[in-house]
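Chemist: Residue numbering for the sequence shown follows numbering that gives the first Met the number 0, starting at 0 and increasing by one per position. The beta carbon of each residue, even a glycine, is placed where N, CA and C say it ideally should be. All values reported here derive from a predicted model rather than from experimental measurement. Please read through the structure below; I'll follow up with questions.
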Amino acid sequence: MTETSTNDSFLDDIGLIAPLYDLDFLAFPREDIDFYISLGEIYGPNILELGIGTGQIGLALAEAGANVTGVDISAEMLEITASNAQENNIKIELVCQDMLDLKLDSNFGLVCAPMGTIQHCQNIEEVVKMFSTIEQYLAPDGIAVIDADSPNPDDFSPPPLPPIQHWSQFTHLGSENSPSQVTKTVVIEPEPATSTKHVTWHYDIATIGNNDNQVHGSGLLSRVTVEFSLLTITKHEMELAARLANLEIIDTFGDYDLNEYGEGVRLIALLRKISK
Numbered sequence: 000m001t002e003t004s005t006n007d008s009f010l011d012d013i014g015l016i017a018p019l020y021d022l023d024f025l026a027f028p029r030e031d032i033d034f035y036i037s038l039g040e041i042y043g044p045n046i047l048e049l050g051i052g053t054g055q056i057g058l059a060l061a062e063a064g065a066n067v068t069g070v071d072i073s074a075e076m077l078e079i080t081a082s083n084a085q086e087n088n089i090k091i092e093l094v095c096q097d098m099l100d101l102k103l104d105s106n107f108g109l110v111c112a113p114m115g116t117i118q119h120c121q122n123i124e125e126v127v128k129m130f131s132t133i134e135q136y137l138a139p140d141g142i143a144v145i146d147a148d149s150p151n152p153d154d155f156s157p158p159p160l161p162p163i164q165h166w167s168q169f170t171h172l173g174s175e176n177s178p179s180q181v182t183k184t185v186v187i188e189p190e191p192a193t194s195t196k197h198v199t200w201h202y203d204i205a206t207i208g209n210n211d212n213q214v215h216g217s218g219l220l221s222r223v224t225v226e227f228s229l230l231t232i233t234k235h236e237m238e239l240a241a242r243l244a245n246l247e248i249i250d251t252f253g254d255y256d257l258n259e260y261g262e263g264v265r266l267i268a269l270l271r272k273i274s275k
């Protein structure tokens with residue numbers, strides 16, 4: 000794994016929640032993996048994933064036979080990906096870099112930015128920069144896939160929105176593999192003037208007693224919190240940003256079953272280079 004160091008406080012927060020991140024997908028199993036595998040069969044075998052995180056998509060693609068390069072800005076997330084790859088004997092190339100300032104040596108038939116990766120751009124200028132990165136590393140006959148939240152009325156409503164208990168589940172955490180109950184609460188504060196929403200994730204962790212199955216003793220209830228902002232981006236904004244980077248949207252979908260955009264909660268765009 001190649002690495003670029005950074006001291007951003009957001010990365011410190013992401014590092015804290017990295018061991019908890021995949022609990023989301025135990026509560027709500029992913030619906031997008033088969034979608035990316037199908038695209039990989041057409042446009043692979045060389046695939047670049049931006050924002051690979053803990054590697055659920057990238058490892059599935061690599062296990063299916065693709066040559067996957069996964070990029071993420073969080074070293075802690077990539078450590079989990081590397082550990083899972085080693086445990087399952089999967090070969091994958093991992094790069095710890097900012098996707099807006101990416102330095103690679105290869106081109107790829109498929110470039111994907113799944114699950115809201117694009118929304119970590121803080122403004123349209125950064126979206127254009129991200130698309131320029133994609134255009135730089137996309138093979139001439141390749142395609143890129145961008146998956147974002149489809150805008151909804153709450154994104155343009157003034158705060159506050161009520162906290163939401165996202166899920167609560169039992170798991171084992173830490174070097175001692177201690178049984179714990181983890182509850183995730185989500186707080187979203189839209190900022191319509193800047194087309195952003197400020198997101199807070201609270202993970203409340205209660206260590207469970209081995210004998211009486213009860214929480215006991217001081218210091219055994221803890222909270223891990225991460226705060227970040229997501230960009231709300233419309234289809235037309237995405238189209239304009241793509242054109243500024245010499246890309247064009249060739250199709251959009253509302254979900255991973257390829258239903259028409261507007262019929263689902265996702266904004267999934269397929270892009271290609273504009274012919275010169």
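Is the region 122-129 in contact with the region 15-30, if contact means three or more CB pairs nearer than 8 angstroms?
Modeler: No, the region 122-129 does not touch the region 15-30.
Chemist: On a CA-only basis, which of 274, 244, 77 and 145 is nearest residue 234? Give me that one, please.
Modeler: For residue 234, the nearest C-alpha among the options comes from 145.
Chemist: With DSSP as the reference, label residue 126 as helix, strand or coil.
Modeler: Correct three-state label for residue 126: helix.
Chemist: Mark residue 264 as exposed unless 16 or more other C-beta atoms lie within 10 angstroms of its C-beta, in which case mark it buried.
Modeler: Residue 264 comes out exposed.
Chemist: Can you list, in chain order, the residues of its chain with a C-beta nearer than 7 angstroms to that of residue 34? Leave out the 5 residues immediately preceding and following it.
Modeler: Answer for residue 34: 255, listed in chain order.
Chemist: Who are residue 189's beta bridge partners in DSSP?
Modeler: Per DSSP, 196.
Chemist: Leaving out five residues on either side along the sequence, give the residues of the same chain with a beta carbon under 6 angstroms from the beta carbon of residue 172.
Modeler: Taken in chain order, the residues that qualify are 179.
Chemist: In this structure, does DSSP put residue 267 in helix, strand or coil?
Modeler: Residue state, collapsed to three classes: strand.
Chemist: Tell me, which residues are paired with residue 178 by DSSP?
Modeler: Residue 178 is bridged to 171.
Chemist: Report back the beta-carbon spacing between residue 186 and residue 202 to the nearest angstrom; my notes put them in contact at under 8 angstroms.
Modeler: That belief does not hold up - the Cβ atoms of residue 186 and residue 202 are roughly 13 angstroms apart, past 8 angstroms.
Chemist: Pick out whichever of 88, 53 and 48 has its Cα sitting closest to the Cα of residue 76.
Modeler: For the residues 88, 53 and 48, the minimum Cα distance to residue 76 belongs to 53.
Chemist: CA-CA distance, residue 106 and residue 228?
Modeler: C-alpha separation (whole angstroms): 30 angstroms.
Chemist: Roughly how many angstroms separate the alpha carbons of residue 64 and residue 40, rounded to a whole number?
Modeler: Near 9 angstroms, if we compare the C-alpha coordinates of residue 40 and residue 64.
Chemist: Let me know the secondary structure DSSP gives residue 35 once reduced to three states.
Modeler: Helix, per DSSP.
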